[in-house]
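Mind the numbering: the sequence shown is residues 19 to 254 in our numbering, read in order.
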Amino acid sequence: EYNQGYADLYLDVLKSAKPLDKVKLSNYNKDNLFDVFYDKPTWFRNGQLYGVPYAWGLNALVYNPALMEKPTSYEDLLKPELKGKIAFVDDTLATLPIAARMAGLGDKFPNVTPDEMKAIFENLKKYRDQSRIISLTYGDLVSLFVSGEVAALFCGWTGIPVETAKQGVKTEYTIPKEGAGTWCDAWFMPPSVDNEDAAYAFIDMAISPEIQAKVVTRNAAGVVSPKAVDLLPPET
19 EYNQGYADLY
29 LDVLKSAKPL
39 DKVKLSNYNK
49 DNLFDVFYDK
59 PTWFRNGQLY
69 GVPYAWGLNA
79 LVYNPALMEK
89 PTSYEDLLKP
99 ELKGKIAFVD
109 DTLATLPIAA
119 RMAGLGDKFP
129 NVTPDEMKAI
139 FENLKKYRDQ
149 SRIISLTYGD
159 LVSLFVSGEV
169 AALFCGWTGI
179 PVETAKQGVK
189 TEYTIPKEGA
199 GTWCDAWFMP
209 PSVDNEDAAY
219 AFIDMAISPE
229 IQAKVVTRNA
239 AGVVSPKAVD
249 LLPPET
């Protein structure tokens, strides 16, 4: 996973991916993929396809409605009564872009200067001082929500409510007025691949409607194929 701001590094300098042949991907077509995931510049470099979208979602504020009112801003987490009751997760793909936005830098991250990065961390200090923990894993955060040790997560995976519900605790995610961090997982092929046929077959299977429905149901994500929507269970 990487932020789009690092495309030059990963593709031009490190050369960690090679172009893909669309002809070998029968499911990569406009009928099987939502428009935003098909033949869009995000997935191309110099006119060549490098990534095949697989699943998408957003990271937003997660909270326990039994412990606090629905927040409308990330700044609501700074209320005195929440001191020691909020959490962060070590997930730079979403946490830092939102932190940059809260520092007044809009969507500039990761293309920020050293001084701007300093400003981001300086602004984060007040949230850090409110926090009980900066968690390394989402599994730990699920446990903290279930035990009632935290009331809110600054910016986290929308699958947390799914996991806490399995243990009888209701949590919800909400998009504050400052927005959320969006992401999209995609498959690519490294230059060192030793079995291209198997790699193409795997990627093609991953975006088939049947596999899409199974994977995103398990991972609490969004499908990239409209044909997968009708295959999703009602609760999803």
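We put the CB at the ideal spot given by N, CA and C, even for glycine.
Quick check on DSSP: helix, strand or coil for Asn213? Note: Asn213 maps to coil in three-state DSSP.
The beta strand (DSSP E) enclosing Phe106, as first and last residue numbers: From DSSP, the beta strand (DSSP E) with Phe106 extends over Ile104 to Val107.
Ignore the nearest five residues each way along the sequence and tell me which others in Ala117's own chain have a CB closer than 6 Å to its CB. Ile138 and Leu142
With respect to the beta strand (DSSP E) encompassing Ile151, which residues constitute its N-terminal and C-terminal limits? Run containing Ile151: Ser149 to Ser153, per the beta strand (DSSP E) assignment.
DSSP three-state call for Leu67: helix, strand or coil? Leu67 falls in the strand class under three-state DSSP.
Using DSSP with H/G/I as helix, E/B as strand and the rest coil, what is Lys36? DSSP places Lys36 in strand when its eight states are reduced to three.
Quick check: what's the CA-CA separation for Val80 versus Tyr92? 10 Å
Option in Pro71, Lys103, Asp212 and Leu95 with minimal Cα separation from Ala296: In this structure the chain extends from 19 to 254, so residue 296 is not present and cannot be described.
Classify Asn47: buried if its beta carbon has 16 or more other beta carbons within 10 angstroms, exposed otherwise. Burial call: exposed.
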